[in-house]
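First the structure, in the form of structure tokens, and then the observations on it.
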Amino acid sequence: MGLTSLRPDVKRAMLPILGAAAFLCSGLPAASAAAAGQHLEKHFAVNARPVVVIHNVANGRIEVKSWKNAEVDVLASQTSDKIGFDMEQAGDRIDVTANILDSSAQPTELAANLQLTVPEETELQLKTETGLIYVEQVMGDMTLESVAGEIHLREVSGYIIVRTTEGSLVCTQCAGKLDFKSISGGAQVLQPALTNVSLFTTSGNILFDGDFVRTGSIP
Numbered sequence: 001m002g003l004t005s006l007r008p009d010v011k012r013a014m015l016p017i018l019g020a021a022a023f024l025c026s027g028l029p030a031a032s033a034a035a036a037g038q039h040l041e042k043h044f045a046v047n048a049r050p051v052v053v054i055h056n057v058a059n060g061r062i063e064v065k066s067w068k069n070a071e072v073d074v075l076a077s078q079t080s081d082k083i084g085f086d087m088e089q090a091g092d093r094i095d096v097t098a099n100i101l102d103s104s105a106q107p108t109e110l111a112a113n114l115q116l117t118v119p120e121e122t123e124l125q126l127k128t129e130t131g132l133i134y135v136e137q138v139m140g141d142m143t144l145e146s147v148a149g150e151i152h153l154r155e156v157s158g159y160i161i162v163r164t165t166e167g168s169l170v171c172t173q174c175a176g177k178l179d180f181k182s183i184s185g186g187a188q189v190l191q192p193a194l195t196n197v198s199l200f201t202t203s204g205n206i207l208f209d210g211d212f213v214r215t216g217s218i219p
């Protein structure tokens, strides 16, 4: 029996109830989304040039940018409670590890993203499985490893070591020394100011778009 067949007084009694029910139903997806997303933020004070080590065994993005503060800020987010983060500091070294807590978890439950803000002069050691590694405006030696994720670098300088299995490298306005090795990933080096370049891939493509430094070398 529809509302049109009810007496006017019955309609007036039921409409507020139906409205309340609609309001509750509309709020359920938002509540579920809030429960699904989990965030953790920590701040680490440092004195000299810090060393930041990231090991992400889950699927997700690692993003590193710089600021002028003597502090390393780590913001971690995950899609489920099947992943846990371990964060430790020993002097000026910060270690962050994303661990899988439930081996039966589905791939969609194993997404963990890390967003870091570090001093301009910071040494980085970043390792991930399939997520993107993005580093911008950081000066310091860095070792970046990925199985299938891409690695994007912009305005970084130092001794840069990149190792991938399938992931590709895009290095824009990079300075210092670059050592890239991959099995099937490619490399794009754009507007470089590098003094030493080593690029190797078994089946990927290599693009070097820039001028060679007169005193530089390419092994």
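Read in this note's numbering, the sequence shown has 136 at position 136, and its numbers run on one by one without any break.
A virtual CB, placed ideally from N, CA and C, is assigned to each residue, including glycine.
These numbers come from a predicted model, not from an experiment.
Exercise for the section: My understanding is that Asp147 touches Thr130, with C-beta atoms under 8 angstroms, so please give their C-beta distance in whole angstroms. Expected result: Translated into positions along the sequence shown, residue 147 becomes position 147. Translated into positions along the sequence shown, residue 130 becomes position 130. Rather than Asp, the amino acid found at residue 147 in this sequence is Val. Under the criterion of beta carbons closer than 8 angstroms, Val147 and Thr130 qualify as touching, at roughly 6 angstroms.
Exercise for the section: Go ahead and label Asn205 buried or exposed: buried means 16 or more other beta carbons lie within 10 angstroms of its beta carbon, across all protein chains shown. Expected result: Mapped onto the sequence shown, residue 205 falls at position 205. Classification of Asn205: exposed, given that the 10 Å Cβ count is below 16.
Handout entry: Which listed residue (Gln191, Ser168 and Ala111) has its alpha carbon closest to that of Phe180
Key = Here residue 180 corresponds to residue number 180 of the sequence shown, with the count starting at 1. Among Gln191, Ser168 and Ala111, the Cα nearest to that of Phe180 is on Ser168.
Exercise for the section: Please go through the same chain and pick out, in chain order, the residues whose beta-carbon is closer than 6 angstroms to the beta-carbon of Ala193, but skip the five residues on each side of it. Expected result: In the sequence shown, the residue the question calls residue 193 occupies position 193. Answer for Ala193: Ala175, listed in chain order.
Exercise for the section: Specify whether the segment 105-116 and the segment 142-158 touch according to this definition: at least 3 beta carbon pairs, one from each stretch, less than 8 angstroms apart. Expected result: No: fewer than three Cβ pairs fall under 8 angstroms.
Exercise for the section: Evaluate contact between the segment 156-170 and the segment 90-99, counting only Cβ atoms and requiring at least three cross-stretch pairs below 8 angstroms. Expected result: Taking a contact to require three or more Cβ pairs closer than 8 angstroms, the segment 156-170 and the segment 90-99 do not qualify as touching.
Problem - Backbone secondary structure at Thr164 - three-state DSSP - result: Here residue 164 corresponds to residue number 164 of the sequence shown, with the count starting at 1. In the structure shown, Thr164 falls within a strand segment according to DSSP collapsed to helix, strand and coil.
Practice task
Select from Val72, Ile161, Phe208 and Phe200 the residue whose C-alpha is nearest the C-alpha of Gln188.
Solution key: Taking the sequence shown and counting its residues from 1, the one referred to as residue 188 is at position 188. Minimum Cα distance to Gln188 is reached at Phe208.
Handout entry: Chain-order list of residues whose beta-carbon lies under 6 angstroms from that of Leu178 (same chain, five-residue window excluded)
Key = The residue given as residue 178 occupies position 178 in the sequence shown. Excluding sequence neighbours, Leu178 sits near Ile160, Leu194 and Val197.
Problem - Proximity of Thr117 and Lys65 at Cβ, strictly below 8 angstroms - result: Residue 117 sits at position 117 when you count from the first residue of the sequence shown. Residue 65 sits at position 65 when you count from the first residue of the sequence shown. In contact: Thr117 and Lys65 (Cβ atoms closer than 8 angstroms).
Problem - Residue closest to Arg163, alpha-carbon to alpha-carbon, out of Gln137, Met87, Ala76 and Phe200 - result: On the sequence shown, position 163 is the one that residue 163 refers to. Comparing C-alpha distances from Arg163 to each of Gln137, Met87, Ala76 and Phe200 shows the shortest one belongs to Phe200.
Exercise for the section: Look up Pro107 in the DSSP assignment and say whether it is helix, strand or coil. Expected result: Looking up residue 107 in the sequence shown gives position 107. Here Pro107 carries a helix assignment [DSSP, helix/strand/coil].
Problem - Assigned exposure category for Glu88 - 16 Cβ within 10 Å defines buried - result: Position 88 of the sequence shown holds residue 88. Glu88 should be labelled exposed.
Exercise for the section: Report the three-state DSSP secondary structure of Arg61 (helix, strand or coil). Expected result: In the sequence shown, counting from the first residue as 1, residue 61 sits at position 61. Correct three-state label for Arg61: coil.
Problem - Close-in-space but distant-in-sequence residues of the same chain around Arg49 (CB under 6 angstroms, 5 per side omitted) - result: By 1-based counting over the sequence shown, the position of residue 49 is 49. For Arg49, where only same-chain residues beyond five positions count, the Cβ hits under 6 angstroms are Glu121.
Practice task
Using 7 angstroms as the cut-off, classify the Cβ of Ala58 as near or not near the heavy atoms of the ligand MG, replying yes or no.
Solution key: With respect to the ligand MG, the structure shown offers nothing to examine, as it has no ligands at all.
Handout entry: Leu126 in three-state terms, based on DSSP
Key = Taking the first residue of the sequence shown as 1, we reach residue 126 at position 126. In the structure shown, Leu126 sits in a strand (DSSP, three-state: E or B).
Handout entry: Where Glu150 sits in the DSSP three-state scheme
Key = Counting from 1 along the sequence shown, the entry for residue 150 is found at position 150. Here Glu150 sits in coil by DSSP.
Exercise for the section: Report all residues from its chain with a CB closer than 6 angstroms to the CB of Ala76; omit the five preceding and five following residues, and keep chain order. Expected result: Your numbering for residue 76 matches position 76 in the sequence shown. Excluding residues within five positions, the ones whose Cβ falls inside 6 angstroms are Leu40, Phe85 and Leu114.
Practice task
For Leu126, I'd like the list of residues in its chain whose CB is within less than 6 angstroms of its CB, leaving aside the five on either flank, ordered along the chain.
Solution key: As a first step, residue 126 is located in the sequence shown; it is residue number 126 there, counting from the start. Taken in chain order, the residues that qualify are Ile54, Ile62, Ile133 and Leu144.
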